[in-house]
Structure formats: C-alpha cells, structure tokens
Amino acid sequence: MPNVKIPRKSTDTDMTPFVDVAFLILTFFIMATKFKPAEPVEIKTPNSVSTKALPENDAILVTLDSSGRVFFSMLAEKDPQQKMQVIKNLNETRKLGLTETEMLRFVQTHAVGVPFNSLKQFLSIPVDDQKSIRQPGIPLDSLGGELTYWIRDAVSAFYGKKVNYMVKGDNNAKYPSFKMVLGAFKKNDIFKFNIITMLEDAPDGTPLAESRKMAKNK
Amino acid sequence: MASIDSGGDGGSHKKGPGVKKAKKLSTRVDMTPMVDLGFLLITFFIFTTTMSSPTTMDLFMPKDTDKEEEQNKVKKSGALTIMLGKDDQVYYYEEKLKPDASNFLSTTFNGIRKIISNKKKEVIGNHIHDSKCPEVWQKHNGDKTYCLDTDLVIIIKPDTGATFKNTVDILDEMTINEIKRFAMVDLFADEIKLIKATEESAGIK
Numbered sequence: 013m014p015n016v017k018i019p020r021k022s023t024d025t026d027m028t029p030f031v032d033v034a035f036l037i038l039t040f041f042i043m044a045t046k047f048k049p050a051e052p053v054e055i056k057t058p059n060s061v062s063t064k065a066l067p068e069n070d071a072i073l074v075t076l077d078s079s080g081r082v083f084f085s086m087l088a089e090k091d092p093q094q095k096m097q098v099i100k101n102l103n104e105t106r107k108l109g110l111t112e113t114e115m116l117r118f119v120q121t122h123a124v125g126v127p128f129n130s131l132k133q134f135l136s137i138p139v140d141d142q143k144s145i146r147q148p149g150i151p152l153d154s155l156g157g158e159l160t161y162w163i164r165d166a167v168s169a170f171y172g173k174k175v176n177y178m179v180k181g182d183n184n185a186k187y188p189s190f191k192m193v194l195g196a197f198k199k200n201d202i203f204k205f206n207i208i209t210m211l212e213d214a215p216d217g218t219p220l221a222e223s224r225k226m227a228k229n230k
Numbered sequence: 065m066a067s068i069d070s071g072g073d074g075g076s077h078k079k080g081p082g083v084k085k086a087k088k089l090s091t092r093v094d095m096t097p098m099v100d101l102g103f104l105l106i107t108f109f110i111f112t113t114t115m116s117s118p119t120t121m122d123l124f125m126p127k128d129t130d131k132e133e134e135q136n137k138v139k140k141s142g143a144l145t146i147m148l149g150k151d152d153q154v155y156y157y158e159e160k161l162k163p164d165a166s167n168f169l170s171t172t173f174n175g176i177r178k179i180i181s182n183k184k185k186e187v188i189g190n191h192i193h194d195s196k197c198p199e200v201w202q203k204h205n206g207d208k209t210y211c212l213d214t215d216l217v218i219i220i221k222p223d224t225g226a227t228f229k230n231t232v233d234i235l236d237e238m239t240i241n242e243i244k245r246f247a248m249v250d251l252f253a254d255e256i257k258l259i260k261a262t263e264e265s266a267g268i269k
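Read top to bottom, the protein sequences are chains A and B.
Each position in the first sequence, counted from 1, maps to that position plus 12 in this note's numbering.
Each position in the second sequence, counted from 1, maps to that position plus 64 in this note's numbering.
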C-alpha cells in the first residue's frame, strides 16, 4: 500500500483583508463619533415625532432632571466671550465677588446648577473636579426665581443673534418644575421654545403619517 | 528589520567559498498586535457613539394677559379639554364641564389619540361654509385640510402629578393628529377636585 501523504497546510492565514475591513469600520466610528460635553446629570429625554435638528450654537439650554433640579448652560462654542460677558454681568449685579480665574472657569464649565450664593464656592473648584459635586440646582419659584436672571443676562450677551431657547427634561421630571422653567422664560418675554426629544416614527394611520407619506411621494 | 528583500543575487554571479550567502528575510510582518489594537479601538468607539441624534420640538406659549380683548376665544362646540393626571392617566371632557361632571371621562395615552381624531372629524363634519376658506386653501396650494377645523381647539391642562414625559407626549399627539390650535393652561379648582376624587376612587397614589 502506498502511503498517502497528506500535505501539511500552513496555519497562517492572510489577515490583510480582515485588517482592511477592521480599519474601515474603525475609521467610520472615529468619524461618526461626537463627544458629548460632560453633563452634571444623566437625562433620559422623551420621544417625539419631531424631526428638527438640534442647534449647536447661540442657544440657551435649561436642563431639568428627574428630581426637579434645574441647570443652566449656554451653547456658545464659537464665541466664548459671550459666556464671559454673562458671568461678568452677574458678578456685578449680584455682587458675587468672583475673581478673574473663577470667571474663566465658568466659561469652561458646561452646566451650572447652584444658587448665586454658592456660585463662588462652586467655581473655586477646578472644572474636572466639578463633576464629583452634587449640584443642588438653580432655585426656582412660580415667578422664575434665579433662573430668570441667568436667562436675562444670556439673552443680552447673545444680543443681535437668533437665539434658541432649549429645554431638556427628564422623562420623570414633574410638570410643576417644567412650568416654573417656562415661567422664567416668560418673564423675559420669551414664548418660543425648543424641547429636546429623541426621534420616533409617526404611528401608522395617523394624519401626520399620511401627510408625510404624501410629501415623500411628491 | 523588515526591509524589502529584492532577492536578485541568486543568479550567475558566484561568490567565493568564504563568502556566506545573505539570509533571505521574509517580508511578512506579524500583524496580530495591530489587529488587536484596531479592534480595541473599534470596541471603544462603538461603546461611546450615540447613534441617534436628539431632535427638538417647537413649543409656543401665549403671553399671560388679563386684558379680555387679547385673550383667545374658544367656541364651545369645538373645545376638547385634556387633563393629565398621575400615573399616566388622562382625563378629558368635550365642550364645557357639566355641573354634575357627567362628561368628565378618563382614559390613557393609548386611548386619547382616538378621542382627538374623532373630535377633529366631528368638528370638520359640523363645519359651516365659510367664505374665507377658499382664500386659505389657495394660500396652501389647494390643500383643503386647512380652515375646516378652525373651531377645533384643544386645551391641555397638566396636573401637578403629570410628568415631563406626559407633557411632551400630549404635545406630540397634537403634531401626530395635526391639530393646529391648542393651548397649555392651568387647571380650574373644580377640575383639580374631580381629578383628585377620580384618582382616589381608582386607587392611584
């Protein structure tokens, strides 16, 4: 009987295509990723059928968390000077006694949720350490509370621009606190808001679904 | 080093007996570490990426006013009042609340859509010809869904027990049903009483 020799195959496989695909995916994810700014609380926003995209600049964002705490942030990446103007203004009108470094720190902070009387203490902490502090939220009452002054100064800092007023609320936030936020805007004669939501499809068979279908077919 | 070996000296050119032949180096580079790193990065980016981008929903609030001439009038026949209670409960009544509260009904967020769309159909059905309507239709490229439902006004009254999600959901319901006139206002005292009584009898805390 002749010995049948099974040729030994190399276990080496050519990994090149594999690597190609892997790096293609990697590039895609790097491109698609946009890092979120550090937020003081995690907010689960409700869903809506609205399709309007979120503005990124010249906007005032009021965040409402599930326990009713309110945070204020300004989206002014293009021109940080606007944030500086707000804090300078508040420093004077509310006699906060902030130093130059503390004011610069405010420009770097994403969201503020402390009353005016503890703002100095909050801004004395480096930005990276602010995350570990539990902010009590900006005090609110039925007339708007301190949030009114934040909004007023931010509006004047954005003077001459089209400003978006955004409200980002948690699913479990209660309506009365939302109403107080609206009250603070209303006191500044602002009546048009953008509520931040997550996109969901229009339910089938409803008038909106029908008219969207019609618009698509046109 | 992984230099490219041309391998050109294997021909007629003969070397002396003492000269060693240069060892051919493989051009293959071990890619395993690179692949490892690549996948590590992929995993990292997959976890950090949030795919769905947030959207915004417009909300227009009216200015608070005490002057009667600035307030909007609501025709009784076209009014639907929706109240939001605790535990995702929805209460509603059509037209005006009767003194014995017999038209005060309760439903859920699943049921309210049907009620809104029925009300809309009813109002459109009751529409009496308006001479202004053809003008409005012309403005909207002959779209006859406009103007017929001008009498329809939905009044939204969230109670203190309602959540932000409830509020957004009901506003969304307005978009879904293409309700053009709606308002968000405060509850009346007798409505608060009714909601409280209904919640107590239904055992909602």
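C-beta atoms are modelled at their ideal positions from N, C-alpha and C, and glycine is treated no differently.
The structure presented is a predicted model; accordingly, all values stated were derived computationally and were not measured.
The C-beta distance from Leu66/A to Ile208/A rounds to 7 Å, short enough to meet the 8 Å contact threshold.
The residues Val139, Gln142, in chain order, have a CB closer than 7 Å to that of Thr121/A in the same chain once the five nearest residues on each side in sequence are set aside. The beta carbon of Asp233/B lies closer than 8 Å to those of Phe173 in the same chain, with the five residues before and after it left out. Among the residues of chain A, none has a CB under 7 Å from the CB of Ala253/B; the nearest is roughly 16 Å distant. In the DSSP assignment, Pro126/B falls outside any beta strand (DSSP E) and carries neither an H nor an E. If you check the CB distance, Met147/B and Leu251/B come in under 8 Å. At a Cβ-Cβ threshold of 8 Å, Ile72/A and Tyr177/A count as neighbours. In this structure Met248/B does not touch Met98/B by the C-beta definition: roughly 58 Å separates them, more than the 8 Å allowed. Each of Thr171/B, Lys178/B, Leu212/B was checked against the Cα of His191/B, and the nearest Cα belongs to Leu212/B. For Ile188/B, the enclosing alpha helix (DSSP H) has its first and last residue at 173-189. In the structure shown, the three-state DSSP call for Thr160/A is helix.
For Ala166/A, the nearest beta carbon of chain B is not closer than 8 Å to its own beta carbon.
When the alpha-carbon of Pro219/A is set against those of Met238/B, Leu105/B, Ile218/B, Gly267/B, the nearest one is in Met238/B. Using a CB distance below 9 Å, the part of the region 175-194 of chain A facing chain B consists of Asn176, Met178, Val179, Lys180, Gly181, Asp182, Asn183, Asn184, Ala185, Lys186, Tyr187, Pro188, Ser189, Phe190, Lys191, Leu194, ordered along the chain.
Contact annotation, Thr171/B with Tyr157/B: C-beta distance approximately 11 Å; criterion of less than 8 Å not satisfied. Among the bridge pairs identified by DSSP, Ile218/B is matched with Leu144/B, Phe246/B. Here Thr119/B is buried. Its C-beta has 16 or more other C-beta atoms within 10 Å. Counting the other CB atoms within 10 Å of its CB gives Glu89/A a total below 16, which places it among the exposed residues. Lys56/A carries a coil assignment under DSSP once its states are collapsed to helix, strand and coil. A direct Cα-to-Cα measurement between Glu242/B and Thr107/B gives close to 43 Å. In the DSSP annotation of this structure, the continuous segment of the alpha helix (DSSP H) that includes Phe190/A starts and ends at 187-199. For the pair of segments examined, the region 125-132 of chain A was found to touch the region 73-84 of chain A: the number of CB pairs separated by less than 8 Å reaches three. Counting along the chain, the unbroken alpha helix (DSSP H) around Met43/A starts and ends at 28-44. For Ala71/A, no alpha helix (DSSP H) run applies; the uninterrupted beta strand (DSSP E) run containing it begins and ends at 71-76, by DSSP. With fewer than three CB-CB distances shorter than 8 Å, the region 201-217 of chain A does not count as touching the region 107-117 of chain A. Rounded to the nearest angstrom, the gap between the Cα atoms of Lys191/A and Gly181/A is 12 Å. Interface flag for Lys198/A against chain B is set, since a Cβ pair is found closer than 8 Å. Interface annotation, Phe205/A: in contact with chain B, CB-CB separation under 8 Å. Listed along chain A, the residues sitting closer than 8 Å to Ile106/B by beta-carbon distance are Ala34, Ile37, Leu38, Phe41. Going by DSSP, Met98/B is part of the alpha helix (DSSP H) stretching over 96-112.
Close to chain B, meaning a Cβ-Cβ distance shorter than 7 Å, are the following residues of the region 62-79 of chain A: Ser62, Thr63, Lys64, Ala65, Leu66, Leu76. Residues of chain B whose Cβ lies closer than 9 Å to the Cβ of Leu220/A are, in chain order, Thr239, Ile240, Asn241, Glu242. With contacts defined as CB atoms closer than 8 Å, Val98/A and Asp165/A qualify as a contacting pair. With contacts defined as CB atoms closer than 8 Å, Glu114/A and Ser136/A qualify as a contacting pair. For Val154/B, no CB of chain A lies under 8 Å from its own CB, so it is not counted at the interface with that chain. A distance below 7 Å between beta-carbons, with the five flanking residues on each side excluded, links Asn184/A to the following residues of its chain, in chain order: Ser78.
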